[in-house]
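K.L.:
Last residue of the sequence shown: 291 (numbering that gives the first Met the number 0), numbering continuous. Note that beta-carbon positions come from the ideal geometry of N, C-alpha and C, so glycine has one too. Just dropping this structure here.
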Amino acid sequence: MADNFKKTLILPLISTGNVPQLTTDLILHSLSNEFRFVKSLDSTYVHPFVGALDYSLNDGEPILYKSYPDKKFSSALELFYNDSKNLYVIQQRTPIIQGYINNFIKEIVIPVIEELRITDVTILDSYGALDESIINHKFNNNTNIGVNNVDPFYSIGVCKLEGIGSLSDEFDSVLNLKTDPNTAMHYTNSLLEFSQRSLLQEISTDQQIFKIIFHLINSQLGSLMNVKYCSFFVHEGDNSLDAKLFTSHFSDFVNPKNSSITEIKDFKTPISWKGVYGFNEVPATLEEGIYI
C-alpha cells in the first residue's frame, strides 16, 4: 500500500511513570502547528477526568483546540489528527477502570480504527523494576544472548496482520505459549517480531498489549495491517527525561507520507507539566514543605 494511503493511530497505555502519556504530550505540543483536536471519545470505561485545555509553554494558548473556540475543558479521552503525517493520536489521561479493559478495546478503540480505516496502530508502553511479569522473566530467561548493542531501554515489536486472516481461528495453536517456572506466567514470542536490538523479545499474556492484539486479530479489521508495540524501561520519579528519550523514537511510531524521515528536534512541554515534572525547586525550609 502506498504511504499516502496509510493511516497510523498512536495509543498510549497507562503504565509505569505515565511515560506513554508524557510522550504523547510531547508529540502533540511539540508539533502543535500540525495537529488539531478531532473529538472527545466515550470515557465510560476510564476514570472520570475534566481539566483546563492544555497548551505549550511556547505557544501561550491552546493551539491544538483552535478549531473549536467554544471548547473550554479537556476530557479523559481525546482524539487528535496530523494531516501532514496521516497520523491520529489518542491521549488517554486516566486509567481504565479495573476489569473493563476488554470493553475499552472492543467498544472504544476498535470502533475508532473501523471508522477512520486505520492501517497501522502503534501502542506505547513503559515498564519498570517492579513490573514482575516482565523483569523477573527477563532476568531468568535472557533472550538477547550473543546480540551486540542491545538497547538498554527501548524495545519495538511488530505484529503483521496482512495475510493472516485465518489466525483468529488458530489463535491458541500458534501462540507458542511458554510457562516461566519462576513466575507461573505464560509468555509468547510468536505474536510480535521484536528487533534484535530490543531489550524485550517476548510478552506476557498478563500484559495489556496481549489483550489488545488478541481483540484486534479477532475483530478481523479490514483496513488494519500492522500493530507496533513500542516499550520503554523507566524508573519511578521525574519521568520527563524518559518521555523525551522515548519521543526520540518518533520515526518508529509513524508512517510518514513519501517515506520521509520524521524526527522531533524541538521539544515543547505543556503548561500542565509546570511545577510537576522537573520544574519544582527543592524546598529549602520547613515552611515550604517536605515534598518535592
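Run through DSSP, which three-state label would asparagine 225 get?
P.N.:
Three-state DSSP puts asparagine 225 in a strand.
K.L.:
To which residues of the same chain is lysine 227 closer than 6 Å at the C-beta, ignoring the five residues directly before and after it?
P.N.:
These residues qualify, in order along the chain: Thr121 and Val157.
K.L.:
Would a C-beta distance cut-off of 7 Å place valine 18 and alanine 242 closer than the cut-off?
P.N.:
Yes; because the gap between Cβ atoms is below 7 Å, this pair is in contact.
K.L.:
Quick check on the burial criterion: 16 or more other C-beta atoms within 10 angstroms. Buried or exposed for glutamine 200?
P.N.:
It is buried - the Cβ of glutamine 200 has at least 16 other Cβ atoms within 10 Å.
K.L.:
For my contact list, phenylalanine 249 and isoleucine 263 are in at a C-beta cut-off of 8 Å; report their separation, rounded to the angstrom.
P.N.:
Right, their Cβ atoms sit about 5 Å apart.
K.L.:
From leucine 76 to threonine 261, what distance separates their C-alpha atoms?
P.N.:
Those two C-alpha atoms are separated by around 25 Å.
K.L.:
Between the region 92-111 and the region 190-206, are three or more C-beta pairs nearer than 8 Å?
P.N.:
Counting Cβ pairs under 8 Å, fewer than three are found: no touch.
K.L.:
Note down the Cα distance separating threonine 15 from leucine 52, rounded to an integer number of angstroms.
P.N.:
Cα-Cα distance, rounded: 24 Å.
K.L.:
Kindly indicate the opening and closing residues of the alpha helix (DSSP H) around asparagine 102.
P.N.:
Note, asparagine 102: alpha helix (DSSP H), 100-103.
K.L.:
Name the residue from His46, Lys5, Val45 and Leu190 whose alpha carbon lies nearest to the alpha carbon of serine 83.
P.N.:
The shortest C-alpha separation from serine 83 is found at Lys5.
K.L.:
If you measure from the beta carbon of aspartate 251 to each beta carbon in chain B, is any gap under 7 Å?
P.N.:
No chain B appears in this structure, which consists of one protein chain only.
K.L.:
Does proline 11 pass the burial test, meaning 16 or more other C-beta atoms within 10 Å, or should it be called exposed?
P.N.:
The residue in question, proline 11, is buried, as its Cβ has 16 or more Cβ neighbours within 10 Å.
K.L.:
With DSSP run on the structure shown, which of helix, strand or coil describes glycine 16?
P.N.:
Three-state result, glycine 16: helix.
K.L.:
For glutamate 33, I'd like the list of residues in its chain whose CB is within less than 6 Å of its CB, leaving aside the five on either flank, ordered along the chain.
P.N.:
Excluding positions up to five away in sequence, the list reads Asn81 and Ser83.
K.L.:
Classify serine 194 as helix, strand or coil using the three-state DSSP reduction.
P.N.:
Correct three-state label for serine 194: coil.
K.L.:
Below 7 Å between beta carbons: does that hold for isoleucine 95 and tyrosine 44?
P.N.:
Yes.
K.L.:
Starting from the C-beta of valine 233, find all residues in its chain whose C-beta is less than 7 Å away, skip the five residues before and the five after it, and write them out in chain order.
P.N.:
The residues are Thr15, Gly16, Val18, Ser125, Gly127 and Asp241.
K.L.:
Taking the alpha carbon of valine 49 as the point to measure from, which residue in Ser73, Ser66 and Pro61 has its own alpha carbon closest?
P.N.:
Cα-wise, what sits closest to valine 49 is Ser73.
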